[in-house]
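In order, the protein sequences belong to chains G and F.
Note that the first sequence covers residues 4 to 395 in the numbering used here.
Note that the second sequence covers residues 54 to 140 in the numbering used here.
Notes for the one structure printed next.
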Amino acid sequence: YALQGSRWRTKNLTYKLSKYPTGLNKQEVDKEIAKAFSVWSGETDLTFTPKSGYENVHIEIRFEVGEHGDGDPFDGPGGTLAHAYFPVYGGDAHFDDSERWTIRSYRGTNLFQVAAHEFGHSLGLSHSDIKSALMAPFYRGYDPYFTLDQDDIDAIQALYGKKTNYGPRGQGTTSRPSPPAEEDPELCKDPKVDAMFNTKDGDTIVFKGKHYWKLTDNGVASGYPRRISSTWKELPSNIDAAFTYRNGKTYFFKGTQYWRYINSTMDGDYPKEISDGFTGIPDHIDAATVWTGNGKIYFYKGTKFWRFDPASKPPVRSNYPKLIKNWQGIPDHVNAAVTYKGYTYFFQDNAYYRFNDRTFSVDVAEPAFPRSTAYWWFGCKSANRGTLEPRR
Amino acid sequence: ATPANLAISDTTAANYLAQYGYLPPTNPENSAFLSSERLTAAIEEFQAFAGINITGELNEETAKLMATPRCGVKDKVGPAADGRSKR
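This is the structure:
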């Protein structure tokens, strides 16, 4: 998937149909439009409320022909069916009324299918190069058994989070509070880590030497460290990098080799050579992560990074590697990288940087980055809370 | 129904590729400067994005896809669309 770079600040959005299609029953159109919005509200906490009359709304929907005031005229039957604006440009959705819009029919152009796609743009999604995704750019026809592709779900949840509110019974519920953070002597003494990754269940794990820790929002979960080999039996110590891909499988890298796991069970005959399974990626990498901006895998080593897309041939394009300095504010020679709550974090020695995947630069915050990993990630109260001196 | 003749001219293809973000917008002043290499690269990029064989040529598969109804939003927007972007 690909994100355009903007999103709505509120999760409670309003819309109105200010110009209906010719030849369709208005009430039926209303239902189809509501159904198209529900595709996205079904996977997030977004809500969409219809309005009418002259009320201001977030997303205005119009059926128009030819030039219709936005400088992007429609082209008659076929060709372009509709377009929509990303949140930063207002979110409005326009449909070409020259098309023969239909509802629950294999004939004509299916309104629901196109509307659900366009509303993806209204929410901040760009076109996906995954063919099965709703956000693929080409019209696919009516599908009575339509469901969102995992690629679409990953995309919308990267912007607005997972669904937590399942109707009136779920309202007001909060996530389970984290247990009190405990200071870990090993991590507080030397917070430089080997690797960080998220499990498919959403836990954030730190690897260092032969041990691992599970992190809470405040620090380290009780009962850690544990030996890496007690959970991932076949893994060696001193892992270089790890990440969990959107297939739910976790990949570990060390030296020239990698291992693939489903939870704590090795997923086949491993280790394998990085040069075999990740053609184009060098050995002895520093860090790896799946970037929320596009769902693709990024590997870092020294002063360079590589983008790996398993769906592309070749998976690493010829214009890679590129210099890490393209990630504005991120230093060379990182030790680990991880995605956490919509940001990508880079770790180097005892410090970390928060990279904003929407502004494409290290966040401007108080205290500024780099900050102490020990204080902000491992809950070490005696560590420096302020900005650290960047390594030179 | 599939059109009997799926041939597509360079000009039509260039307009399509410009409309959907694979080439800079064309105008009478700069269209003459579109090199065949740049057009081939844009076709390859389109083919890669669409998941069809990457040949750089306006073959039938590519022409068919260019004739498929689609969304009017550009395929190449956001940080990946412009090599000069901060990432």
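For each residue, glycine too, the CB sits at the ideal point set by N, CA and C.
Chain F contact for residue i (CB, 8 Å cutoff)
| i | result |
| --- | --- |
| tyrosine 4 (chain G) | no |
| serine 315 (chain G) | yes |
| threonine 177 (chain G) | Confidence at threonine 177 (chain G) is low in this model, with a pLDDT of 30, below 50, so its placement is unreliable and the value that follows should be read with caution. For threonine 177 (chain G), the answer is no, since every Cβ of chain F falls outside 8 Å of its Cβ. |
| phenylalanine 256 (chain G) | no |
| aspartate 157 (chain G) | no |
| histidine 336 (chain G) | no |
| lysine 19 (chain G) | no |
| leucine 84 (chain G) | yes |
| glycine 226 (chain G) | no |
| tyrosine 142 (chain G) | yes |
| glutamine 397 (chain G) | Residue 397 (chain G) cannot be examined here, being either before or after the span of chain G that is shown, 4 to 395. |
| threonine 295 (chain G) | no |
| aspartate 75 (chain G) | yes |
| glutamine 7 (chain G) | yes |
| threonine 112 (chain G) | yes |
| glycine 81 (chain G) | yes |
Rounded Cβ spacing between residue i and residue j (contact assumed at less than 8 Å)
| i | j | result |
| --- | --- | --- |
| alanine 377 (chain G) | leucine 218 (chain G) | Contact doesn't hold; Cβ gap of about 12 Å is too wide. |
| serine 108 (chain G) | tyrosine 148 (chain G) | Serine 108 (chain G) to tyrosine 148 (chain G), Cβ: 15 Å. No contact. |
| aspartate 243 (chain G) | histidine 214 (chain G) | The pair is not a contact, with the Cβ atoms about 16 Å apart (cut-off 8 Å). |
| arginine 123 (chain F) | proline 24 (chain G) | Incorrect: roughly 19 Å between the Cβ atoms, too far for contact. |
| aspartate 95 (chain G) | isoleucine 62 (chain G) | 6 Å |
| proline 317 (chain G) | glycine 283 (chain G) | 6 Å |
| glutamate 97 (chain F) | isoleucine 105 (chain F) | Contact doesn't hold; Cβ gap of about 11 Å is too wide. |
| valine 293 (chain G) | threonine 342 (chain G) | 6 Å |
| alanine 158 (chain G) | leucine 16 (chain G) | With a Cβ gap of about 17 Å, alanine 158 (chain G) and leucine 16 (chain G) do not count as contacting. |
| leucine 128 (chain G) | tyrosine 248 (chain G) | About 20 Å; that fails the 8 Å criterion. |
| glycine 205 (chain G) | threonine 47 (chain G) | Glycine 205 (chain G) to threonine 47 (chain G), Cβ: 16 Å. No contact. |
| alanine 340 (chain G) | threonine 347 (chain G) | 6 Å |
| isoleucine 64 (chain G) | lysine 34 (chain G) | 14 Å between Cβ atoms; not a contact. |
The beta strand (DSSP E) enclosing residue i, as first and last residue numbers
| i | result |
| --- | --- |
| methionine 199 (chain G) | 198-201 |
| proline 53 (chain G) | 50-53 |
| valine 341 (chain G) | 339-343 |
| alanine 96 (chain G) | 96-99 |
| isoleucine 300 (chain G) | 300-304 |
| histidine 86 (chain G) | 83-87 |
| glutamine 351 (chain G) | 346-351 |
| glutamate 67 (chain G) | 62-67 |
| asparagine 15 (chain G) | 15-22 |
| alanine 39 (chain G) | That residue, alanine 39 (chain G), is in no beta strand (DSSP E); its alpha helix (DSSP H) goes 29-44. |
| tyrosine 163 (chain G) | Tyrosine 163 (chain G) -> not in any beta strand (DSSP E); alpha helix (DSSP H) instead, spanning 153-163. |
| histidine 214 (chain G) | 214-218 |
| isoleucine 105 (chain F) | Here isoleucine 105 (chain F) belongs to no beta strand (DSSP E), and DSSP marks it neither H nor E. |
Beta-carbon gap between residue i and residue j smaller than 8 Å
| i | j | result |
| --- | --- | --- |
| alanine 85 (chain G) | glutamate 121 (chain G) | yes |
| threonine 295 (chain G) | alanine 119 (chain G) | no |
| tyrosine 356 (chain G) | isoleucine 327 (chain G) | no |
| threonine 121 (chain F) | glycine 109 (chain F) | no |
| proline 194 (chain G) | phenylalanine 349 (chain G) | no |
| histidine 130 (chain G) | phenylalanine 89 (chain G) | no |
| isoleucine 231 (chain G) | serine 225 (chain G) | no |
| leucine 11 (chain G) | leucine 114 (chain G) | First, the residue type needs correcting, since residue 11 (chain G) is tryptophan and not leucine in the sequence shown. Not in contact: tryptophan 11 (chain G) and leucine 114 (chain G) (Cβ atoms no closer than 8 Å). |
| asparagine 387 (chain G) | serine 375 (chain G) | yes |
| proline 274 (chain G) | lysine 304 (chain G) | no |
| valine 367 (chain G) | aspartate 289 (chain G) | no |
Residue-level contact to chain G via CB, residue i, 8 Å cutoff
| i | result |
| --- | --- |
| aspartate 21 (chain F) | With chain F running from 54 to 140 in the structure shown, residue 21 (chain F) is simply not present. |
| aspartate 63 (chain F) | no |
Limits of the unbroken alpha helix (DSSP H) element including residue i
| i | result |
| --- | --- |
| tryptophan 379 (chain G) | 376-379 |
| glutamine 331 (chain G) | Here glutamine 331 (chain G) belongs to no alpha helix (DSSP H), and DSSP marks it neither H nor E. |
| isoleucine 265 (chain G) | First-last for isoleucine 265 (chain G): 260-265, but that is the beta strand (DSSP E), not the alpha helix (DSSP H). |
| serine 192 (chain G) | The sequence as given places lysine at residue 192 (chain G); serine does not occur at that position. Unbroken alpha helix (DSSP H) run through lysine 192 (chain G): 188-192. |
* Asked: If you measure beta-carbon to beta-carbon, which residues of the segment 82-108 of chain F are closer than 8 Å to chain G?
  -> Along the segment 82-108 of chain F, going in chain order, the ones with a CB nearer than 8 Å to a CB of chain G are Ala101, Phe102, Ala103, Gly104, Ile107.
* Using a Cβ-Cβ cut-off of less than 9 Å, give me the residues of the segment 114-125 of chain F that come near chain G, in sequence order. => The segment 114-125 of chain F vs chain G, Cβ under 9 Å: Leu118, Ala120, Thr121, Pro122, Arg123, Cys124, Gly125.
* To do: Would you list, in chain order, the members of the segment 319-336 of chain G that have their beta-carbon closer than 7 Å to a beta-carbon of chain B?
  => Absence of chain B from the displayed structure is noted, the protein chains being G and F.
* Quick one: which residues of the segment 84-106 of chain G get their C-beta closer than 9 Å to a C-beta of chain F? List them in chain order. => Cβ contacts with chain F come from Leu84, Ala85, His86, Ala87, Tyr88, Phe89, His97, Asp99, Glu102.
* Asked: Between the segment 118-134 of chain G and chain F, which residues of the former have CB atoms less than 9 Å from a CB of the latter, in chain order?
  -> For the segment 118-134 of chain G, the set of positions with a beta-carbon nearer than 9 Å to some beta-carbon of chain F reads His120, Glu121, His124, Ser129, His130, Asp132, Ile133, Lys134 in chain order.
* To do: May I ask you to list, following chain order, the residues of the segment 341-355 of chain G that have a beta carbon less than 9 Å from some beta carbon of chain F?
  => Flagged: no residues at all.
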